[in-house]
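Heads up: the structure comes next, in structure tokens.
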Amino acid sequence: DVLLLIAYVGDYQQDIPFYLELAQSCSSPILEAGCGSGRVLLPLLRAGHTLTGVDISAEMLFLAKAKLDSAHLSQNCQLLHHNFVERPLPARYCLALVTFYTFNYLLTQADQRAFLEHIAESLEPKAKIALHLFYPAALAHPELLRVSLEPAYVVRRDAPVAGRVAVLSGGGSGHEPLHAGFVGPGM
């Protein structure tokens, strides 16, 4: 759902300086795969870059076009309804940005491999790619956490701890960082 995705992303801007810095060394068009409503496109266009924004959602591209038009930035941006799992683009880019967990929506290794291969085919030699990935805390800190897959849960490695209250949190959103925040020293 488009409105749910927009609410989820909110006004997140912490990654924009990183993308602007990467783009400084790029003289040819930049590719953003999974451009959504244009959150990353706008600041890059304002900085004078030429971009191609790609998304599999026609609704998100419609919102991106409306934002670009209202900011008078459409002239340096091509928006494409395209799925990199299926094929590359014929153009070549100096930089590819795969922003805000776009890659994490590819659920099979076959789709992930096809996506990356097709992005690579759409890049100039020596081009750069930036992937914004979800990296679970349980994998980053195995010394602190114990993970069970059946049934699925994450707990302190040294749990249970005498004299401490366990916090039980359930959710259906699939976004582990919130729930991992309850696991750690002092909990």
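So that you can map any letter, position 69 of the sequence shown is 437 in our numbering, and since no number is skipped, the others follow by simple counting.
C-beta: ideal position from N, C-alpha, C; glycine also.
Could you tell me whether the Cβ atoms of residue i and residue j are closer together than 8 Å?
i, j, result
"T420", "Q446", "yes"
"K435", "G404", "no"
"P397", "A478", "no"
"L457", "H449", "no"
"L463", "A495", "yes"
So the alpha helix (DSSP H) residue i belongs to, where does it begin and stop?
i, result
"Y461", "No alpha helix (DSSP H) holds Y461; the beta strand (DSSP E) holding it covers 461 to 466."
"E492", "Per DSSP, E492 belongs to no alpha helix (DSSP H); it is in the beta strand (DSSP E), 491 to 499."
"N431", "Residue identity differs from the one stated: residue 431 is Leu in this sequence, not Asn. 426 to 438 is the extent of the alpha helix (DSSP H) around L431."
"A530", "Note, A530: premise wrong, no alpha helix (DSSP H); not H, not E."
"L413", "409 to 414"
Which residue wins for smallest C-alpha separation from residue i, given the options the options?
i, options, result
"Y387", "A432, D437, L409, T476", "L409"
"D437", "L413, H449, R455, P456", "L413"
"D423", "A391, P397, L465, L390", "L465"
"A439", "E511, A482, P411, Q392", "P411"
"Y473", "H449, L501, L448, I398", "L501"
"F483", "G402, S395, Q392, S393", "G402"
"C394", "F468, E511, E492, P528", "E492"
"F452", "L463, F468, E485", "E485"
"P510", "T470, V523, L463, T467", "V523"
Going by DSSP, what residue range makes up the beta strand (DSSP E) through residue i?
i, result
"A391", "Careful: A391 lies outside any beta strand (DSSP E), inside the alpha helix (DSSP H) at 384 to 391."
On the DSSP bridge list, what partners appear for residue i?
i, result
"G421", "E400, L447"
"R524", "L513"
With residue i and residue j assumed to form a contact (beta carbons below 8 Å), what rounded beta-carbon distance in angstroms separates them?
i, j, result
"A415", "A432", "So it is not a contact: roughly 17 Å between Cβ atoms."
"T467", "D379", "Wrong, their Cβ atoms sit about 15 Å apart, outside the cutoff."
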